[in-house]
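Note that the protein sequences, when read in sequence, are chains A and B.
Note that the numbering used here gives residue 120 to position 82 of the first sequence, counting from 1, and the numbers run on in steps of one.
Note that the numbering used here gives residue 198 to position 98 of the second sequence, counting from 1, and the numbers run on in steps of one.
Quick notes on the structure that follows.
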Amino acid sequence: SQQGEEDPQALSIQEGENATMNCSYKTSINNLQWYRQNSGRGLVHLILIRSNEREKHSGRLRVTLDTSKKSSSLLITASRAADTASYFCATESGGSNYKLTFGKGTLLTVNP
Amino acid sequence: EAQVTQNPRYLITVTGKKLTVTCSQNMNHEYMSWYRQDPGLGLRQIYYSMNVEVTDKGDVPEGYKVSRKEKRNFPLILESPSPNQTSLYFCASSFLPGLVPRTYNEQFFGPGTRLTVL
């Protein structure tokens, strides 16, 4: 079952611009996480935001969470060509199995 | 170096020939999971394990088996592979939040195994 849905599916920007990706989900969550995947490789954890947090920063990353709208956004500032990757949100909805449910991802292309 | 390893990285096989994809982690994680990634479908969980000898089905378990005899290893077994199991497979591990306070289930992923079943 798909919990998170990223928007847009694909995003192309120039180096130095900011990139914003959105994630919507359907049920209440304990936390929401963002991952990055370079083409065909394993996912790498970027940042986690808990359900009682509204905003979190890590380097050039800024994540917001609006539980009333069941949505999150990931902002990458001053993008670089090396940021080109797919970005996934994943939600953990509680329960005893700590399952993460992943969205289908946003493909970000940063042009030099 | 903390890591999750998978072997093989690439595999081409034929329908019905049993195969095992190994997964090992060196971070003492309790939780391990297998996913498959298919175009347009994203990542879907196949099986997961919360500790040794504790495994359970994910969203797409049909045609797969797993075992967890040791904490570090979580092999994925395809007893009789079929072409619809052609996919990119990932193993992942994390701490179990319920056991250690103030830890969350950020998952560490292996590099992936690209499986083709002819």
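Where a beta carbon is used, it is the ideal one built from N, C-alpha and C, also for glycine.
Comparing C-alpha distances from A:A48 to each of A:T144, A:P150, A:V148 and A:S66 shows the shortest one belongs to A:T144. Within the stretch 105–116 of chain A, not one residue has a Cβ closer than 8 Å to any Cβ of chain B. Residues of chain A whose Cβ lies closer than 9 Å to the Cβ of B:Q145 are, in chain order, K137, L138, T139 and F140. When rounded, the separation of the alpha-carbon atoms in A:I67 and A:S110 is 12 Å. Shown in chain order are the members of the stretch 115–131 of chain A whose Cβ falls below 9 Å from a Cβ of chain B: F126, A128 and E130. Separation of the CB atoms of B:S187 and B:F208 is rounded to 20 Å, and the pair is thereby denied contact status at 8 Å. The beta carbon of A:R74 does not come within 8 Å of any beta carbon belonging to chain B, so the residue lies off that interface. With its beta carbon at least 8 Å from every one in chain A, B:D138 lies outside the interface.
Distance between A:S117 and A:E53, taken at the CA atoms: about 5 Å. Closest in C-alpha terms to B:A192, from the list B:L141, B:I146, B:T120 and B:G116, comes B:I146. Cβ contact annotation for A:V148 (same chain, cutoff 7 Å, sequence separation greater than five): I51, E53, S117, R118, A119, D121 and T122, in chain order.
For a Cβ distance threshold of 7 Å, residue set Y204 of chain B lies close to A:N69, ordered along the chain. Per DSSP, the beta bridge partners of B:D138 are B:G142. Between the stretch 114–133 of chain B and the stretch 170–186 of chain B, the count of C-beta pairs closer than 8 Å reaches three or more; the two stretches touch. Chain-ordered listing is empty here: chain B has no CB closer than 9 Å to the CB of A:R100, the nearest sitting near 18 Å.
Taking a C-beta cut-off of 9 Å against chain A, the contacting residues of the stretch 205–216 of chain B are N205, E206, Q207, F208, F209, G210, P211, G212 and R214, listed in chain order.
Shown in chain order are the members of the stretch 150–163 of chain B whose Cβ falls below 9 Å from a Cβ of chain A: M150, D156, G158 and D159. A direct Cα-Cα distance of roughly 7 Å separates A:T65 from A:S131. If the five residues before and after B:N151 are omitted, its C-beta is found closer than 6 Å to the C-beta atoms of E130, all from its own chain and listed in chain order.
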